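Residue numbers (our numbering): 146 to 253.
The beta carbon of each residue, even a glycine, is placed where N, CA and C say it ideally should be.
Predicted model only: the values in this text are computed from it and were never measured.
A short write-up of the structure that comes next.
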Amino acid sequence: MRALKRAATAAILLAVCSLAAMAQKTPPAHPLDLNVANVKELEQVPGIGPKTAQAIVDFRHKSGRFRRVEDLLAIKGIGQRKLDKMRPCLKVTPLPPPPPPHKPPQPQ
Numbered sequence: 146m147r148a149l150k151r152a153a154t155a156a157i158l159l160a161v162c163s164l165a166a167m168a169q170k171t172p173p174a175h176p177l178d179l180n181v182a183n184v185k186e187l188e189q190v191p192g193i194g195p196k197t198a199q200a201i202v203d204f205r206h207k208s209g210r211f212r213r214v215e216d217l218l219a220i221k222g223i224g225q226r227k228l229d230k231m232r233p234c235l236k237v238t239p240l241p242p243p244p245p246p247h248k249p250p251q252p253q
């Protein structure tokens with residue numbers, strides 16, 4: 146009976162450790178641009194799970210480009226503490242300037 150309890154305890158401990166190891170994320174090597182990252186990429190960021198990643202993409206489609214990382218505070222479930230945790234892995238790149246207007250050649 147005692148051996149069975151030890152085996153069960155060991156199995157539970159192993160399962161908990163395995164889940165904890167799977168829950169740890171390896172952050173992306175470079176900050177992700179909020180305006181181009183997809184759901185799977187966003188899920189790599191600590192503090193962003195599947196629901197939050199989808200909410201970020203949905204927000205971007207509905208409201209347009211992010212202008213700054215702090216814009217994430219408008220998304221339900223993202224507060225200042227969570228944003229501070231995610232910030233090192235995120236960035237927002239500005240839009241490139243528009244090309245100069247095309248001028249037709251002047252006749253001589």
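Exposed unless 16 or more other CB atoms sit within 10 angstroms - verdict on residue i
{"i": "residue 155", "result": "Bear in mind that a pLDDT of 49 at residue 155, under 50, signals an unreliable position, so the number given afterwards is only what the model happens to contain. That one is exposed."}
{"i": "residue 174", "result": "exposed"}
{"i": "residue 167", "result": "Since pLDDT at residue 167 reaches only 43, below the 50 mark, its modelled position is unreliable, and the value read off the structure follows with that caveat. So residue 167 counts as exposed."}
{"i": "residue 240", "result": "exposed"}
Bridge partner(s) assigned by DSSP for residue i
{"i": "residue 236", "result": "178"}
Given residue i as reference, the closest of the options once Cα atoms are compared
{"i": "residue 221", "options": "203, 209, 242", "result": "203"}
{"i": "residue 188", "options": "242, 198, 181", "result": "198"}
{"i": "residue 232", "options": "218, 210, 247, 250", "result": "218"}
{"i": "residue 238", "options": "216, 196, 212, 201", "result": "212"}
{"i": "residue 229", "options": "242, 191, 240", "result": "191"}
{"i": "residue 193", "options": "207, 250, 171", "result": "171"}
{"i": "residue 181", "options": "246, 244, 242, 210", "result": "210"}
{"i": "residue 176", "options": "214, 200, 201, 206", "result": "214"}
{"i": "residue 179", "options": "250, 216, 251", "result": "216"}
Distance cut-off 6 Å: residue i Cβ against heavy atoms of the ligand NAP
{"i": "residue 181", "result": "Looking for the ligand NAP in the displayed structure turns up nothing, as the structure carries no ligands at all."}
Residue range of the alpha helix (DSSP H) that includes residue i
{"i": "residue 201", "result": "195-208"}
{"i": "residue 226", "result": "225-231"}
{"i": "residue 214", "result": "Per DSSP, residue 214 belongs to no alpha helix (DSSP H) and is neither H nor E."}
{"i": "residue 185", "result": "184-187"}
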